[in-house]
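Numbering (the numbering used here), first residue to last: 2 to 319.
Everything below concerns the one structure shown next.
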């Protein structure tokens, strides 16, 4: 077998924060270790996006670029983005108002300091919006940071609607289909690959409950509650709004033919993974705080499961 391919699969199998490890054997590996130029690196990122999304169905994919300290003299790349695709967050200088994703305010400032502006050009070409795609920020051989704008035409996004509440589309929410983790270092047998972006697919809670629902993110629960006519003095208004939000995201990804898994199914898959690993004589490690779904946590089996959080190599570090 190919050592790199198998090592990447093992890194996914050992990935402490991932609930989707049942499918670790299906990981598609793209080998870019032999690249010599910056353009080849950027081309590799585009190849990853195209490979991972096959007719909207997502394929778990990892792209492995040259390792640190390689003897071939290949350039070593490092990506700053925590995910390859991210939405900008703009902090007003005169108030606490934020346009876009509050999680990315500091990284957006970083991008602007490097010369990026909304719309992807050197000069402002559009007003800041709630869903402006940030550039990929990267360095070569530890040198100065650079940025590259992935065109919107190369990114598949899902407009969020609801099957019953037609007003939902007026909220103009959307999210990208592909979650590509890009800031972690792949460690296989002591060899480190600083640029090894990889993806699975979204769990419903990640998009609905966290990205849209958290009050320090897009904070849509009060908006949805008011649209539903909920009494916000009731202790249960957030739960009711959150259910509708999850319904909308699940419906929308389904309509778009985009892969997404609900939290109950994801937990069932993880428990099956644990059973199979134990059957193979292997202990499962994991970060419980990351593995439990944020929605209806105590109704899932993993909530009541003890998991050792030690790091086993190969793995993704950082």
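Idealized CB from N, CA, C, for every residue including glycine.
The model shown is predicted, which means the values in this text are computed figures rather than measured ones.
Within 10 Å of its beta-carbon, does residue i have 16 or more other beta-carbons around it, so buried, or fewer, so exposed?
{"i": "residue 312", "result": "exposed"}
{"i": "residue 194", "result": "buried"}
{"i": "residue 264", "result": "buried"}
{"i": "residue 45", "result": "buried"}
{"i": "residue 402", "result": "Here the chain comprises residues numbered 2 to 319, so residue 402 is not present and cannot be evaluated."}
{"i": "residue 185", "result": "buried"}
{"i": "residue 15", "result": "buried"}
{"i": "residue 214", "result": "buried"}
{"i": "residue 61", "result": "buried"}
{"i": "residue 291", "result": "exposed"}
{"i": "residue 168", "result": "exposed"}
{"i": "residue 72", "result": "exposed"}
{"i": "residue 127", "result": "exposed"}
{"i": "residue 281", "result": "exposed"}
{"i": "residue 230", "result": "exposed"}
Starting from the Cα of residue i, find the closest Cα among the options and give me that residue.
{"i": "residue 69", "options": "142, 103 and 131", "result": "142"}
{"i": "residue 321", "options": "212, 40 and 79", "result": "Residue 321 is absent from the model: the chain starts at 2 and stops at 319."}
{"i": "residue 304", "options": "3, 75, 20 and 6", "result": "20"}
{"i": "residue 152", "options": "168, 177, 145 and 171", "result": "177"}
{"i": "residue 297", "options": "239, 315 and 277", "result": "239"}
{"i": "residue 25", "options": "270, 280 and 282", "result": "270"}
{"i": "residue 255", "options": "234, 204, 310 and 291", "result": "204"}
{"i": "residue 259", "options": "183, 59, 279 and 249", "result": "59"}
{"i": "residue 315", "options": "95, 188, 171 and 230", "result": "188"}
{"i": "residue 108", "options": "135, 309, 295 and 191", "result": "135"}
{"i": "residue 299", "options": "28, 192 and 268", "result": "268"}
Below 8 Å CB to CB, which residues in the same chain sit around residue i once its five sequence neighbours on both sides are set aside?
{"i": "residue 307", "result": "289"}
{"i": "residue 181", "result": "49, 50, 53, 84, 85, 86, 198, 199 and 200"}
{"i": "residue 106", "result": "90, 91, 92 and 99"}
{"i": "residue 5", "result": "30, 32, 34, 65 and 189"}
{"i": "residue 319", "result": "184, 185 and 186"}
In chain order, what residues of the same chain have a beta carbon less than 7 Å from the beta carbon of residue i, not counting five sequence neighbours either side?
{"i": "residue 253", "result": "159, 160, 161 and 162"}
{"i": "residue 133", "result": "88, 89, 101 and 119"}
{"i": "residue 196", "result": "66, 78, 79 and 80"}
{"i": "residue 39", "result": "141"}
{"i": "residue 144", "result": "none"}
I'd like to know whether the C-beta atoms of residue i and residue j end up nearer to each other than 9 Å.
{"i": "residue 85", "j": "residue 49", "result": "yes"}
{"i": "residue 80", "j": "residue 139", "result": "yes"}
{"i": "residue 75", "j": "residue 37", "result": "yes"}
{"i": "residue 218", "j": "residue 102", "result": "yes"}
{"i": "residue 117", "j": "residue 150", "result": "yes"}
{"i": "residue 209", "j": "residue 57", "result": "no"}
{"i": "residue 82", "j": "residue 183", "result": "yes"}
{"i": "residue 95", "j": "residue 166", "result": "no"}
{"i": "residue 261", "j": "residue 245", "result": "no"}
{"i": "residue 131", "j": "residue 173", "result": "yes"}
How big is the Cα-Cα spacing for residue i and residue j?
{"i": "residue 301", "j": "residue 273", "result": "13 Å"}
{"i": "residue 114", "j": "residue 23", "result": "41 Å"}
{"i": "residue 317", "j": "residue 232", "result": "45 Å"}
{"i": "residue 55", "j": "residue 30", "result": "15 Å"}
{"i": "residue 242", "j": "residue 35", "result": "50 Å"}
{"i": "residue 293", "j": "residue 275", "result": "14 Å"}
{"i": "residue 279", "j": "residue 285", "result": "7 Å"}
{"i": "residue 3", "j": "residue 156", "result": "31 Å"}
{"i": "residue 111", "j": "residue 148", "result": "10 Å"}
{"i": "residue 137", "j": "residue 43", "result": "9 Å"}
{"i": "residue 28", "j": "residue 179", "result": "15 Å"}
{"i": "residue 171", "j": "residue 295", "result": "26 Å"}
{"i": "residue 41", "j": "residue 192", "result": "22 Å"}
{"i": "residue 129", "j": "residue 97", "result": "15 Å"}
{"i": "residue 249", "j": "residue 310", "result": "34 Å"}
{"i": "residue 164", "j": "residue 222", "result": "18 Å"}
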